[in-house]
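In what follows, a structure is listed as structure tokens, so that the remarks can point back to it.
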Amino acid sequence: MVEVVGVRFRTAGRLYHFAPAGIELKKGDPVVVGTARGEELGWVAIAPGMIPDEEIKEPLKPVLRRASDKDMDVDGERVAKEAEALSECNQMVAKLGLVMKPVSAEYNLEGNRVTIFFTAEQRVDFRELVRELSRRLKARVELRQVGPRDETKLVGGYGRCGRPLCCASFLTDFEPVSIKMAKEQNLPLNPMKISGICGRLLCCMGYEQALYHEMQQKMPRECQRVTTPQGAGRVVATNPLGESVTVELETGVAAELPLRDIRFEPVKAARGVKPEKKAPAAPPHPRNGGDSGGESGAGSDVAAVG
88 MVEVVGVRFR TAGRLYHFAP AGIELKKGDP VVVGTARGEE LGWVAIAPGM IPDEEIKEPL
148 KPVLRRASDK DMDVDGERVA KEAEALSECN QMVAKLGLVM KPVSAEYNLE GNRVTIFFTA
208 EQRVDFRELV RELSRRLKAR VELRQVGPRD ETKLVGGYGR CGRPLCCASF LTDFEPVSIK
268 MAKEQNLPLN PMKISGICGR LLCCMGYEQA LYHEMQQKMP RECQRVTTPQ GAGRVVATNP
328 LGESVTVELE TGVAAELPLR DIRFEPVKAA RGVKPEKKAP AAPPHPRNGG DSGGESGAGS
388 DVAAVG
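Quick note: the sequence shown uses our numbering, first residue 88, plus one each step.
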């Protein structure tokens, strides 16, 4: 067993384990930790505790100290510096004619290293961009490519529900979402209605999928012959959440009836969604000593000059 403390670097960021190094910590404490990028400020998400050695995938970095008022002031100044770095990057991208879109910039606490996240449809040779940015910003510069979902997570915004985006407020990992979920939840298959602002299928379709799957087990299948108080008929639609079934009676009339009034032969073969494949494990993160993969999880080309 080994003692670790769980730290996050942003609200919906991934959880990283660090060695508490004898420092008394509680959930919510701001801490300064040592990472492959230098010193960074994060917040304790899980208080120190013991976990099995086999759960540690890479050498633990230490918690250096509980963040001081000075650390918090320096961290607050990073916002302006990051906006400046992103602006400089956009100007240089336009000047060099590169087909890429800078999305976000992140400085470490020491201010000597900045990571710029970007999106691009194809491979980009940004070596000259990195050299020029490093000269202008007087810091070590890394460029890290992210996908549409990660871009949305970094930028933030509001969903069609009117609430802050799940990925930017609490969703730490992207689980697989399929069009089959939309079909089984009787959602319109219009891409405009089942896609998020990232252009990908809505993550929230996965939240209720287990419930739909469970309730579908109690429903007759479409086209199945059933018996109702109004006579025999054929199922034309089901409403799992409303626990109702629409039946086309032998008279040609369609009627929506409560599930409790329907008599049918249960289907022995399991129906519903097959278990979704888990997303592949994220690569080691530089903050914990890895050499690839960003906080947002989808790194590809990386360059650094310092």
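All residues carry an ideal CB built from backbone N, CA and C; glycine is no exception.
Annotated three-state conformation of I281 is helix, per DSSP. Take the alpha-carbon of C248 and the one of K280: they are about 11 Å apart. Between the alpha carbons of L185 and H300 lies a gap of roughly 47 Å. Of the candidates L183, G320 and M306, the residue whose Cα lies closest to the Cα of E219 is L183. DSSP places E262 outside any beta strand (DSSP E), giving it a letter other than H or E.
In the DSSP assignment, L216 falls within the unbroken alpha helix (DSSP H) covering R214 to L224. Rounded to the nearest whole angstrom, the CA to CA distance from V264 to R124 is 33 Å. For R210, the closest C-alpha among the options K188, A319, F105 and N195 is that of K188. The C-alpha of V340 is placed about 22 Å away from the C-alpha of N273.
For L173, the enclosing alpha helix (DSSP H) begins and ends at D156 to L183. Take R350, set aside five residues on each side of it, and the residues of its chain with a beta-carbon closer than 6 Å to its own are T314, in chain order.
Cβ-Cβ distances below 6 Å link M268 to M292 and Q296 in the same chain, with the five nearest sequence neighbours on each side left out; the list follows chain order. L289 and N199 have their C-alpha atoms spaced approximately 38 Å apart. The Cβ atoms of S191 and L230 lie no closer than 7 Å to each other.
Contact check between the region 125-136 and the region 91-103: three or more CB pairs, one atom from each, fall below 8 Å, which counts as touching. Taken through DSSP and simplified to helix, strand or coil, Y294 comes out as coil. Contact between G121 and P149 holds: their C-beta atoms lie close to 5 Å from each other, under 8 Å.
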